[in-house]
Structures are given as C-alpha cells and as structure tokens.
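In the working numbering, the protein residues as written are 2 to 125.
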C-alpha cells in the first residue's frame with residue numbers, strides 16, 4: 002500500500018464512501034450521499050501540510066453529519082493518528098479549525114468542511 006492508498010483507507014474507515022476530491026464521478030454519475038471527499042498532497046520529511054476533507058449529506062438536518070464529524074474528531078484524538086504504509090507512515094492530526102459548516106446552493110445538502118494537519122515520514 003502506498004501513501005495515497007493509506008490516505009484513502011483512512012477516509013474510507015468511517016462508514017461513508019470516500020473519494021479523492023479530484024476523482025469524484027462525473028455529474029451524470031454523482032454518488033449517493035452521505036459521502037466524504039478529501040484532498041491528496043505530499044511533502045517532504047518534517048513538513049506539515051494542511052489538508053481538507055468535506056462531509057456531504059442529503060438532509061434538512063445537521064444531526065447525522067455532525068455526528069460523523071464528531072466521530073472523526075474523536076478517532077483522530079489529541080495526539081493524532083498514525084497510518085502506516087509500505088515505505089513509511091502518515092501522522093494525521095486535527096487542524097486548528099477542525100470542522101465548520103458550509104452552505105450549499107441546494108438547501109437539502111449539508112456539508113461540513115474538515116481540516117487536518119498531515120506529516121509524512123518515509124524511508125525513501
């Protein structure tokens with residue numbers, strides 16, 4: 002498993018389908034909600050990246066999507082979460098503004114924008 006696959010495994014581990022933000026199916030095949038979209042980026046050793054993810058839910062209520070944001074917040078925890086892959090590991094920590102509600106042109110779509118800090122540690 003490479004680092005991109007490890008990041009995908011992390012975001013897919015919360016029971017909602019997860020997509021790299023740049024590979025969400027086209028508008029003709031928009032995936033069902035709820036779903037997670039996330040950014041992928043890399044950097045060298047000892048550099049922190051800010052990455053984002055969005056939780057999407059089709060509902061007039063914020064309840065289910067807020068519970069999912071809380072679940073991810075708790076899973077990452079105070080010290081962050083280490084995700085191992087073949088040639089290293091990713092350290093994922095909560096961003097300084099971890100979650101914020103976002104508006105959408107469709108009043109039935111709820112979105113929460115998440116920010117995480119990510120560090121890559123690799124043997125390469």
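Glycine included, C-beta positions come from ideal geometry on N, C-alpha and C.
In this text the structure is predicted, and so the values were computed from the model without any measurement.
Counting only runs of 3+ residues, the beta strand (DSSP E) found wholly inside the stretch 17–87 occupies 18–21, 36–39, 49–59, 82–86, in chain order. Under the DSSP assignment, residue 104 falls outside any alpha helix (DSSP H); it carries neither an H nor an E label.
Cβ neighbours of residue 49 within its own chain (closer than 6 Å, five residues either side excluded): 118, 120. For residue 122, the three-state secondary structure derived from DSSP is strand.
Taking 8 Å as the cut-off, the Cβ atoms of residue 55 and residue 111 do not count as close.
Contact check for residue 122 against residue 95 fails: the beta carbons are separated by 8 Å or more. Taking C-beta separations shorter than 7 Å and ignoring five residues to either side along the sequence, the partners of residue 70 in its chain run 56, 100, 113, 115, following chain order.
With contacts defined by Cβ atoms closer than 8 Å, residue 76 and residue 7 do not form a contacting pair. Boundaries of the alpha helix (DSSP H) around residue 11: 4–13. Take the alpha-carbon of residue 13 and the one of residue 19: they are about 5 Å apart. The C-beta of residue 38 has 16 or more other C-beta atoms within 10 Å across all chains shown, which makes the residue buried.
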